[in-house]
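**Student:**
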Amino acid sequence: EPDFLKNVNLRIPSRIPTKISIYKNENSFMAEVAKEKSKNNQDLKFQRGSFDSKWIDPVRMNSQATESFENSTQPEPMKNRNLMSITEQRESLPIFKFRNEIIRSVVENQFLIIQGETGSGKTTQVAQYLFEGGLNLKGKIACTQPRRVAAVTVAKRVAEEYGCILGQEVGYKIRFVDMTSPNTVIKYMTDGILLRECLSDANLDNYSVIILDEAHERSIYTDVLFGVLKKAAKRRPKLRVVISSATLNTDQFSKFFNNAKVLKIPGKMFPVEIKYQANPVRDYFNAAVNTVLNIHLQEPEGDILCFLTGQDEIDYACEIIDEIAEADDENFGNLYAYALYSALPFEEQFEIFSQIAEGNRKVIFATNIAETSMTIDGVVYVVDPGYVKQKVYDAKTGFESLIVVPISKASADQRCGRAGRVMPGKCFRIYTESAYENEMLEVNVPDIQRSNLSNVVLHLKSIGVRDILNFDFMDPPSRDFLIAALKELYLLEALDSDEKVTPMGRRMNQFPVEPNYAKMLLVSDHIKCTDEIVTIIAMLSVQNIFYSPKKNKHLANEKKDSFNHPVGDHLRLWNVYKKWEMNYKKNPRWCKNHFVNEKKLHEAYEVRKNLLEILQSRNFDIYSAGKNIERIQLAICVGFFKNIAHKAPSSIFRNKNDKSYRTLEENPEIVYINRSSCLFYQLPEWVVYNNIRETSKKFFQEITVINPNWLPYIAKGMYRRKDNDDKDNEEKLIKAFVEAQSAKEYKF
Ligand code: CDP
Ligand code: MG
14 EPDFLKNVNL
24 RIPSRIPTKI
34 SIYKNENSFM
44 AEVAKEKSKN
54 NQDLKFQRGS
64 FDSKWIDPVR
74 MNSQATESFE
84 NSTQPEPMKN
94 RNLMSITEQR
104 ESLPIFKFRN
114 EIIRSVVENQ
124 FLIIQGETGS
134 GKTTQVAQYL
144 FEGGLNLKGK
154 IACTQPRRVA
164 AVTVAKRVAE
174 EYGCILGQEV
184 GYKIRFVDMT
194 SPNTVIKYMT
204 DGILLRECLS
214 DANLDNYSVI
224 ILDEAHERSI
234 YTDVLFGVLK
244 KAAKRRPKLR
254 VVISSATLNT
264 DQFSKFFNNA
274 KVLKIPGKMF
284 PVEIKYQANP
294 VRDYFNAAVN
304 TVLNIHLQEP
314 EGDILCFLTG
324 QDEIDYACEI
334 IDEIAEADDE
344 NFGNLYAYAL
354 YSALPFEEQF
364 EIFSQIAEGN
374 RKVIFATNIA
384 ETSMTIDGVV
394 YVVDPGYVKQ
404 KVYDAKTGFE
414 SLIVVPISKA
424 SADQRCGRAG
434 RVMPGKCFRI
444 YTESAYENEM
454 LEVNVPDIQR
464 SNLSNVVLHL
474 KSIGVRDILN
484 FDFMDPPSRD
494 FLIAALKELY
504 LLEALDSDEK
514 VTPMGRRMNQ
524 FPVEPNYAKM
534 LLVSDHIKCT
544 DEIVTIIAML
554 SVQNIFYSPK
564 KNKHLANEKK
574 DSFNHPVGDH
584 LRLWNVYKKW
594 EMNYKKNPRW
604 CKNHFVNEKK
614 LHEAYEVRKN
624 LLEILQSRNF
634 DIYSAGKNIE
644 RIQLAICVGF
654 FKNIAHKAPS
664 SIFRNKNDKS
674 YRTLEENPEI
684 VYINRSSCLF
694 YQLPEWVVYN
704 NIRETSKKFF
714 QEITVINPNW
724 LPYIAKGMYR
734 RKDNDDKDNE
744 EKLIKAFVEA
754 QSAKEYKF
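First residue of the sequence shown: 14, per the working numbering; consecutive thereafter.
In structure tokens form, the structure reads like this:
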């Protein structure tokens, strides 16, 4: 037993809690804690006037820049936040000393790499410095973020610092939400959105500077933007590109960008004491929660940041803490748990930034979103179980799944660093020193090497990249991945046999969704069921519509079943949406009564609205399938042609309760239906699935019944019967498919 666990004799509930008394509704105790906390919140108000004369700097682009400073409002006295004015806060950041050098370097060089510890001020300051240096005069300053929530929180913060209303001079744009205006000069956006903007503006003429922030995360779109921006910069000598990274290995960035200058911001890091486990730990979750409790009992004040792998774990950890706080008020009454993960509604994510009363301690359970992209002040203790949930992709089967894997050394070091930002800290690693030294990879495998690339490839093709296999990637994905993407796009009819973007491909680009969803939308227009498909896409784009509190599981399941639809889960989602739309105004308790997540439905509403607006702006009519449900099934089938499975053939080996299905690959995968599907008891012969989740086995998520007679007609005849393997037939098959839809065969 490691030191820090000694002489503490504390029981915590094992994985299955005996009793959770506080779990009342979908907001569970989180909402209650939140309510209580907000009493202690200072009312934060900021006035315009973050421009302090000290900020004006001799490096100016031209006279206009001077003017823009002089026209800006003179500083007014500001209210304090944490006893420091915004200007003081800005000036206290490590990056501040490099302000002039950053402006000068960007003026003089096309590419600049900035490396600095998380919290040194890269995300919030660099764009502002460049603005203050007048670099916005020829176009906006963009700063990309891999995560939606980071784009929003950071834009909020910078708007405060700048002293404007969010969406005015400082704004953000993420998928389905555009909070910018013609006045916007500093624009935070997700990397995916910037890549999307390249479709209509290949040279990014709207921008003077592009900051690729959090480059160390190596998100898939940031990786693609590396290559795209390098090309655009060649064509547009005035364009400036800044790469900002929190990790030390910047050589690779520099090399890729023609040996660009690297500016290193020395962090003001306090020492962090690292504690390892003496022996490998079996249950990292229990060990992590235990460690949190012990820190609270034994260590002096300072907040705790505990990394976990996903929402389930995080919500559960919060429940446990709350349970214990209630049961043992004396020891744990002042310990408050917060959750932080991307699927959390924004308002709840902001909660973690709120201050709590003195004497209380925060513990934040977070995914690796807190590793680098979000900084929470006040953290002194880090608990690191050493795992992360990561996407893996198998190009052969086309499966993309999320699995829990050990983190890399670089991640471990980052996590550790989060403890040393305010004062000397401690990092409790729930693994052994030898695991760190010998078992962990040095750095993470970039996303682009473990994802389905069809979206990326369609983007690149659409902005005129002809030779995808030789595109200038910093870390090229495997050829197999690229070829699988080309093939999928061909079968979706987005690319022709010369790999050129087809009119269909261009139409697919109009929608900010993955190619298979876009295809589904376009097909739904063709076969007249857009209304339902838009709803289904909106509902699929927000996760966790249903919730089932542990106390009320039975009732929750019953309510969930009440939405069941005979053809499957996609239409169950549609059912929920329809019923919600009809009832939520009349009955404010409708969501609670049906155990569906109200916030998620509002999000789905926004996505749906956004898609409808795009459809309408392109003169699409919106059709409802009415009673012809089969159309909806067909549209899903066409978009997700890759995801078709059939019931394992009956044989003497197959038992009656066998819930297994086989996919249509040459070497079929075995996948199971689970209880969360409304087809669990029906076990239809053929299904199309939206996703696969791998836990102990592979399970479908959202399935819908399909008619196998459709198969020869979709995906360019890929599913022809073997005896009919005639290439010339493809065109005919597609024609037949179109005719079949409109005519008798499917009674459309
Ligand atoms: O990007 P980097 O990690 O280098 O730092 P940053 O995100 O620019 O954060 C600099 C400082 O701004 C942090 O220490 C936070 O105190 C503050 N900040 C904040 O108060 N609220 C935010 N939403 C973001 C940053
Ligand atoms: Mg940052």
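Glycine included, each C-beta is placed from N, C-alpha and C at the ideal position. Just so we're clear, the structure is a prediction, and the values are computed from it rather than from any experiment.
Thinking Tyr636 and Ala658 are a contact (beta carbons under 8 Å), I'd like their distance in whole angstroms, please.
**Tutor:** Taking the sequence shown and counting its residues from 1, one reaches residue 636 at position 623. Taking the sequence shown and counting its residues from 1, one reaches residue 658 at position 645. Rounded, the Cβ-Cβ distance is 29 Å, inconsistent with contact.
**Student:** Near Lys573, what residues of its chain come up, given a Cβ to Cβ distance below 6 Å and the 5 sequence neighbours on each side ignored?
**Tutor:** Here residue 573 refers to the residue found at position 560 when the sequence shown is read from its first residue. Cβ neighbours of Lys573 beyond the five flanking positions: Phe559.
**Student:** Output yes if chain B places a C-beta closer than 8 Å to the C-beta of Arg248; else output no.
**Tutor:** The structure shown contains no chain B, having only a single protein chain.
**Student:** Report yes if the CB atom of Glu715 is closer than 8 Å to the CB atom of Ala638, and no otherwise.
**Tutor:** The count along the sequence shown starts at 1 and reaches residue 715 at position 702. The count along the sequence shown starts at 1 and reaches residue 638 at position 625. No.
**Student:** Between Pro681, Glu455, Ile649 and Ser221, which lies nearest to Leu553 when the distance is taken from Cα to Cα?
**Tutor:** The count along the sequence shown starts at 1 and reaches residue 553 at position 540. Nearest C-alpha to Leu553: Ile649.
**Student:** For Pro284 and Ala168, I'd like the C-alpha separation in whole angstroms.
**Tutor:** Numbered from its first residue, the sequence shown carries residue 284 at position 271. Numbered from its first residue, the sequence shown carries residue 168 at position 155. Cα atoms of Pro284 and Ala168: separation of roughly 31 Å, rounded to the nearest angstrom.
**Student:** Run the proximity test for Lys135: is its beta-carbon closer than 7 Å to any non-hydrogen atom belonging to ligand 2?
**Tutor:** By 1-based counting over the sequence shown, the position of residue 135 is 122. Checking every heavy atom of ligand 2 against the Cβ of Lys135, one is found closer than 7 Å.
**Student:** Give the C-beta separation of Phe269 and Ser258 to the nearest angstrom, bearing in mind that I take them to be a contact with Cβ-Cβ under 8 Å.
**Tutor:** Taking the sequence shown and counting its residues from 1, the one referred to as residue 269 is at position 256. Taking the sequence shown and counting its residues from 1, the one referred to as residue 258 is at position 245. Wrong, their Cβ atoms sit about 12 Å apart, outside the cutoff.
**Student:** Between which two residues does the alpha helix (DSSP H) harbouring Gly430 extend?
**Tutor:** In the sequence shown, the residue the question calls residue 430 occupies position 417. Run containing Gly430: Lys422 to Gly430, per the alpha helix (DSSP H) assignment.
**Student:** Could you check what DSSP says for Asp204 in three-state terms: helix, strand or coil?
**Tutor:** Looking up residue 204 in the sequence shown gives position 191. Of the three classes helix, strand and coil, the one that applies to Asp204 here is helix, per DSSP.
**Student:** When DSSP labels each residue in this structure, what does Arg61 get in the three-state scheme?
**Tutor:** Taking the sequence shown and counting its residues from 1, one reaches residue 61 at position 48. Here Arg61 scores only 23 on pLDDT, less than 50, and its place in the model should not be relied on; the value that follows carries that caveat. Of the three classes helix, strand and coil, the one that applies to Arg61 here is coil, per DSSP.
**Student:** Does the beta-carbon of His472 have 16 or more other beta-carbons within 10 angstroms, so that it is buried, or is it exposed?
**Tutor:** As a first step, residue 472 is located in the sequence shown; it is residue number 459 there, counting from the start. The residue in question, His472, is buried, as its Cβ has 16 or more Cβ neighbours within 10 Å.
**Student:** Rounding to the nearest angstrom, what Cα-Cα distance links Ser396 and Ala379 in this structure?
**Tutor:** One-based indexing of the sequence shown puts residue 396 at position 383. One-based indexing of the sequence shown puts residue 379 at position 366. Rather than Ser, the amino acid found at residue 396 in this sequence is Val. Cα-Cα distance, rounded: 10 Å.
**Student:** Report the rounded CA-to-CA distance for Lys605 versus Lys592, giving the unit in angstroms.
**Tutor:** The residue you call residue 605 lines up with position 592 of the sequence shown. The residue you call residue 592 lines up with position 579 of the sequence shown. Using only the alpha carbons, I get a separation of about 13 Å.
**Student:** Over the uninterrupted beta strand (DSSP E) stretch that includes Lys153, give me the two end residues.
**Tutor:** Position 140 of the sequence shown, counting from 1, holds the residue named residue 153. Segment Lys153 to Gln158, the beta strand (DSSP E) holding Lys153.
**Student:** How is Phe412 classed by DSSP in three states: helix, strand or coil?
**Tutor:** Taking the first residue of the sequence shown as position 1, residue 412 is located at position 399. Reduced to three states, the DSSP call for Phe412 is strand.
**Student:** Are there 16 or more other CB atoms within 10 angstroms of the CB of Ser709, so buried, or fewer, so exposed?
**Tutor:** By 1-based counting over the sequence shown, the position of residue 709 is 696. Exposed, since its Cβ has fewer than 16 Cβ neighbours within 10 Å.
**Student:** Beta carbon of Leu106: closer than 7 Å to some heavy atom of ligand 1?
**Tutor:** Against the sequence shown, residue 106 aligns to sequence position 93. Under cutoff, so the answer is yes.
**Student:** In this structure, how does DSSP classify Phe559 when only helix, strand and coil are distinguished?
**Tutor:** The count along the sequence shown starts at 1 and reaches residue 559 at position 546. Three-state DSSP puts Phe559 in a strand.
**Student:** Between which two residues does the alpha helix (DSSP H) holding Gly652 run?
**Tutor:** The residue you call residue 652 lines up with position 639 of the sequence shown. From DSSP, the alpha helix (DSSP H) with Gly652 extends over Ile642 to Gly652.
**Student:** Might you give, ordered along the chain, the residues of its own chain that have their beta carbon closer than 6 Å to the beta carbon of Ile187, omitting 5 neighbours on each side?
**Tutor:** The count along the sequence shown starts at 1 and reaches residue 187 at position 174. Cβ neighbours of Ile187 beyond the five flanking positions: Arg161, Ala164 and Thr203.
**Student:** Straight-line CA distance for Pro250 to Met731?
**Tutor:** One-based indexing of the sequence shown puts residue 250 at position 237. One-based indexing of the sequence shown puts residue 731 at position 718. Distance between the alpha carbons of Pro250 and Met731: 46 Å.
**Student:** Less than 7 Å between C-beta atoms, sequence neighbours within five positions excluded: which residues of the same chain meet that for Trp723?
**Tutor:** Position 710 of the sequence shown, counted from the first residue, corresponds to residue 723. Setting aside the 5 residues that flank it on each side, Trp723 is surrounded in the same chain by Leu647 and Cys650, each with a C-beta closer than 7 Å to its C-beta; the list follows chain order.
**Student:** Can you have a look at Arg253 and say buried or exposed, based on whether 16 or more other CB atoms are within 10 angstroms of its CB?
**Tutor:** One-based indexing of the sequence shown puts residue 253 at position 240. It is buried - the Cβ of Arg253 has at least 16 other Cβ atoms within 10 Å.
**Student:** Taking 8 Å as the limit between beta carbons, can you name the residues of its chain near Ile642, skipping five residues before and five after?
**Tutor:** Start at 1 with the first residue of the sequence shown, and residue 642 comes out as number 629. Apart from the 5 residues on each side of it in sequence, Ile642 sits with its Cβ closer than 8 Å to the Cβ of Val580 and Leu584 in its chain, given in chain order.
**Student:** Rounded to whole angstroms, what is the Cα-Cα separation between Arg644 and Asp671?
**Tutor:** Along the sequence shown, read from residue 1 onward, the residue named residue 644 stands at position 631. Along the sequence shown, read from residue 1 onward, the residue named residue 671 stands at position 658. Answer to the nearest angstrom: the Cα atoms are 29 Å apart.
**Student:** Have a look at Leu353, Gly176 and Asn703 and flag the residue whose alpha-carbon is nearest the alpha-carbon of Gly411.
**Tutor:** If you number the sequence shown from 1, residue 411 lands on position 398. Nearest C-alpha to Gly411: Asn703.
**Student:** Rounded to whole angstroms, what's the CA-CA distance from Gly652 to His578? Just pull it up for me.
**Tutor:** Here the question's residue 652 lines up with position 639 in the sequence shown. Here the question's residue 578 lines up with position 565 in the sequence shown. Approximately 20 Å, taken between the alpha carbons.
**Student:** Taking C-alpha atoms, which residue in Asn216, Asn656 and Val222 lies nearest to Ala155?
**Tutor:** For the purposes of this step, residue 155 is taken as the residue at position 142 of the sequence shown. Cα-wise, what sits closest to Ala155 is Val222.
**Student:** Taking the CB atoms as reference points, tell me whether Ile126 and Ala273 lie closer together than 8 Å.
**Tutor:** Position 113 of the sequence shown, counting from 1, holds the residue named residue 126. Position 260 of the sequence shown, counting from 1, holds the residue named residue 273. Cβ atoms of Ile126 and Ala273: closer than 8 Å.
**Student:** Look at the Cβ atom of Leu318, then the Cβ atom of Arg431, and state whether they are nearer than 8 Å.
**Tutor:** To locate residue 318, count along the sequence shown from 1; it is residue 305. To locate residue 431, count along the sequence shown from 1; it is residue 418. It is a contact, given that the beta carbons lie within the stated cut-off.
**Student:** Ile278 and Ile108 - do their beta-carbons sit closer together than 8 Å?
**Tutor:** Here residue 108 is taken as the residue at index 95 of the sequence shown, counted from 1. Here residue 278 is taken as the residue at index 265 of the sequence shown, counted from 1. A contact, by the Cβ cut-off of 8 Å.
**Student:** For Cys440, does the three-state DSSP call read helix, strand or coil?
**Tutor:** For the purposes of this step, residue 440 is identified with residue 427 of the sequence shown, where counting begins at 1. In the structure shown, the three-state DSSP call for Cys440 is strand.
**Student:** If we count the other Cβ atoms within 10 Å of its Cβ and call it buried at 16 or more, is Glu286 buried or exposed?
**Tutor:** What you label residue 286 is simply residue 273 of the sequence shown in a count that begins at 1. Exposed, since its Cβ has fewer than 16 Cβ neighbours within 10 Å.
**Student:** What residue ranges within the stretch 297-333 form continuous beta strand (DSSP E) runs of no fewer than 3 residues, ordered along the chain?
**Tutor:** 316-320
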